[in-house]
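Number 330 in the working numbering belongs to position 328 of the sequence shown; there are no gaps in the numbering.
So the structure is just underneath, and the comments pick up after that.
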Amino acid sequence: MLEKYFHLAENGTDFRTEVIAGITTFMTMAYILAVNPAILSIAGMDGGAVFGATAIGAFIGTVLMAMLSNYPFALAPGMGLNAFFAFTVCGQMGYPWQLGLAAVFCEGILFIILSLTPVREAIFNSIPTGLKCGVSAGIGLFIAFIGLQTSKFVVDNPATLVGLYNFKAALADGSIHSTGMGVILCIVGTLLIAALLAKKVKGAILIGIIATYVLTLVCEATGIYVPNPAAGMYSAFPSFRNFGFPDLSATFMKFDFSQLFSFNFVTIMLTFMFVDLFDTLGTLIGVASKADMLDKDGKLPRIQGALLADSIATVFGAVLGTTTVTTYVESSAGVVEGGRTGLAGMVTAVLFLLSLLFAPIFLAIPGFCTAPALIIVGFMMVSGLLKVNFDDVNEAVPAYIAAIAMPFFYSISEGISMGVISYTVMNVLSGNGKKISPVIYALTVLFVLKYIFI
């Protein structure tokens with residue numbers, strides 16, 4: 003049955019590999035179950051309802067991806083878009099969250115329409131192969147940076163913007179037992195995964211996450227690791243005080259369409275759509291490139307099903323009460339573990355559904371325990387630059403710009419924007435403008451206008 007539907011043998015995988023890949027993907031992105039409610043609560047939304055909407059939205063989106071495309075990509079409410087929703091739409095602009103959800107809902111409807119046309123697929127296919135490799139590498143750097151931040155290995159620095167965690171100061175003020183241990187355990191987990199990969203151990207990333215978590219439990223039980231909620235360092239032991247199925251009534255179908263045709267509403271909707279479109283395309287490019295899923299022409303087979311799953315999931319997410327549901331770059335962790343079909347996605351989806359009942363267990367795993375997986379996967383994805391022809395400056399420089407823009411500007415879509423603009427400008431100035439497709443020219447104009455007006 004599974005072989006017939008998911009074509010495991012044809013994709014060079016098996017049941018065990020897909021299960022491990024699905025679990026690994028879930029473990030690396032389960033943080034969204036805690037982070038999304040925390041961010042959207044700032045906009046006035048009920049945290050418990052948002053938790054339920056996050057888990058169910060991730061389940062629906064990932065199942066759709068598995069069924070419509072047979073790819074191991076997982077979906078969940080996107081980071082960045084939830085912050086834009088809470089801090090810009092509901093914060094700076096002062097709109098109620100109900101209006102924000104209405105904008106997300108309308109964006110999803112527009113995306114479904116676009117996904118049923120060749121538009122989104124044409125955009126994906128028009129991006130040059132070299133630039134796709136740069137995007138893949140950029141995503142690797144981006145998620146590695148997220149892992150370093152999550153573990154507090156990289157911290158804010160007034161002089162240099164970012165800096166290395168200060169162990170000397172931590173020893174002096176006693177925080178070495180909270181934030182300091184988080185950094186140390188992240189280092190241990192990263193080296194452990196790297197060593198297992200060097201030994202070619204199957205499931206190395208998942209083993210590393212679990213081993214780091216178990217070590218954290220031991221450290222907390224013995225007093226070596228001391229939770230400090232004020233510093234974002236929580237207990238690794240599950241709390242079952244709020245055990246049970248969350249109530250979604252506070253956010254379910256809570257739309258405000260009163261300003262549907264206003265300029266600001268349309269602007270908000272288009273902003274959600276723009277970022278979602280290129281975040282999704284960037285993720286599909288990066289993860290598919292790492293898994294060698296692109297064909298000889300650099301195209302992704304069955305991409306329409308993947309884009310349609312992403313679009314439908316956004317609509318369901320808005321109905322449930324969460325922001326844009328999109329394809330997650332953390333899917334690359336499962337791909338690195340060998341996941342190649344929708345079976346891995348189905349495993350991830352089931353775990354998101356189970357998290358509704360066992361949320362205390364999943365939410366207890368600290369971010370510094372999953373950070374090693376992101377750091378190692380980032381290392382693996384940077385290898386995409388090896389496929390770039392560095393003898394062709396017109397190809398190499400845009401790929402380089404796309405790669406560095408993603409971590410530096412903390413955005414996949416910004417990396418694509420700057421990569422496309424630089425590709426067009428460089429080729430036009432060097433007399434190679436004829437090789438650029440009309441779609442890339444159109445995207446370049448669109449990106450430039452975005453920086454001027456949005």
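Ideal placement from N, C-alpha and C gives every residue a C-beta, glycine not left out.
Original post:
When the Cα atoms are used, what is the spatial distance from Y330 to T316?
Top reply: Taking the first residue of the sequence shown as 1, we reach residue 330 at position 328. Taking the first residue of the sequence shown as 1, we reach residue 316 at position 314. Distance between the alpha carbons of Y330 and T316 is about 13 Å.
Original post:
Straight-line CA distance for I189 to I377?
Top reply: The residue given as residue 189 occupies position 187 in the sequence shown. The residue given as residue 377 occupies position 375 in the sequence shown. Using only the alpha carbons, I get a separation of about 10 Å.
Subject >> Short Cβ contact (8 Å threshold) for K292 with V337 >> reply: Residue numbering aside, residue 292 sits at position 290 when the sequence shown is read from its first letter. Residue numbering aside, residue 337 sits at position 335 when the sequence shown is read from its first letter. Yes, the pair counts as a contact, with Cβ atoms nearer than the cut-off.
Original post:
Taking Cβ positions, are E222 and P231 nearer each other than 8 Å?
Top reply: Start at 1 with the first residue of the sequence shown, and residue 222 comes out as number 220. Start at 1 with the first residue of the sequence shown, and residue 231 comes out as number 229. No, Cβ-Cβ distance for E222 and P231 is not below 8 Å.
Subject >> Where the alpha helix (DSSP H) containing G336 begins and where it ends >> reply: Residue numbering aside, residue 336 sits at position 334 when the sequence shown is read from its first letter. Under the DSSP assignment, G336 falls in the alpha helix (DSSP H) whose first and last residues are 333 to 338.
Original post:
In terms of residues, what are the limits of the beta strand (DSSP E) holding A78?
Top reply: Mapped onto the sequence shown, residue 78 falls at position 76. Run containing A78: 77 to 79, per the beta strand (DSSP E) assignment.
**OP:** Using the DSSP secondary-structure output, state which residues sit across from T15 in a beta bridge.
**Re:** In the sequence shown, counting from the first residue as 1, residue 15 sits at position 13. None, per the DSSP bridge assignment.
**OP:** Could you pull out every residue in the same chain whose Cβ sits closer than 7 Å to the Cβ of V395, ignoring the five residues on either side in sequence?
**Re:** Walking along the sequence shown from the start, residue 395 turns up at place 393. The answer is none, since no qualifying residue turns up.
**OP:** Tell me whether N84 is buried or exposed, calling it buried when 16 or more other Cβ atoms sit within 10 Å of its Cβ.
**Re:** Stepping through the sequence shown from its first residue, residue 84 is reached at position 82. So N84 ends up on the buried side.
Subject >> 4 or more residues per run - each alpha helix (DSSP H) lying fully within the region 27 to 67 >> reply: Runs found: 34 to 43.
Subject >> Residue from M67, I314, P39, A407 whose Cα sits closest to the Cα of P54 >> reply: Against the sequence shown, residue 54 aligns to sequence position 52. The question names Pro, yet the displayed sequence has Gly at residue 54. Nearest C-alpha to G54: P39.
Original post:
For T131, which of L345, G288, A444, G210 has the nearest alpha-carbon?
Top reply: Translated into positions along the sequence shown, residue 131 becomes position 129. Comparing Cα positions, the closest option is G288.
Subject >> Three or more C-beta pairs below 8 Å linking the region 93 to 107 and the region 259 to 276 >> reply: By the Cβ criterion, the region 93 to 107 is in contact with the region 259 to 276, since at least three pairs of Cβ atoms, one from each stretch, lie closer than 8 Å.
**OP:** Give every residue of the same chain whose Cβ lies closer than 6 Å to the Cβ of I367, excluding the five residues on either side of it in the sequence, and list them in chain order.
**Re:** For the purposes of this step, residue 367 is taken as residue 365 along the sequence shown, with counting starting at 1. Result list for I367: Y215, in chain order.
Original post:
With DSSP run on the structure shown, which of helix, strand or coil describes M235?
Top reply: Along the sequence shown, read from residue 1 onward, the residue named residue 235 stands at position 233. M235: strand per DSSP, three-state reduction.
Subject >> Bridge-paired residues (DSSP) for V1 >> reply: Outside the modelled stretch of the chain, which goes from 3 to 456, sits residue 1, for which no answer is possible.
**OP:** Name the residue from T152, V427, G205 whose alpha carbon lies nearest to the alpha carbon of I186.
**Re:** Taking the first residue of the sequence shown as 1, we reach residue 186 at position 184. Residue T152 is the option with its Cα nearest to I186.
Subject >> Three-way DSSP call (helix, strand, coil) for T328 in this model >> reply: The residue given as residue 328 occupies position 326 in the sequence shown. In this structure, T328 counts as strand in the three-state DSSP scheme.
Original post:
According to the neighbour-count rule (16 or more other Cβ atoms, all chains shown, within 10 Å of its Cβ), is K201 buried or exposed?
Top reply: Position 199 of the sequence shown, counted from the start, is the residue given in the question as residue 201. The residue is exposed, with fewer than 16 neighbouring Cβ atoms inside 10 Å.
Original post:
Once you ignore the five residues that flank G307 on each side, which residues in its own chain have a CB closer than 6 Å to its CB?
Top reply: Position 305 of the sequence shown, counted from the first residue, corresponds to residue 307. L70, S71.
**OP:** Take I458 as the anchor and find which of L10, F280, S128, Y236 has the nearest alpha-carbon.
**Re:** With the chain represented from 3 up to 456, any question about residue 458 goes unanswered, as that position is not in the structure.
Original post:
Which first and last residues belong to the alpha helix (DSSP H) in which T273 is found?
Top reply: Mapped onto the sequence shown, residue 273 falls at position 271. Element bounds for T273: 265 to 292.
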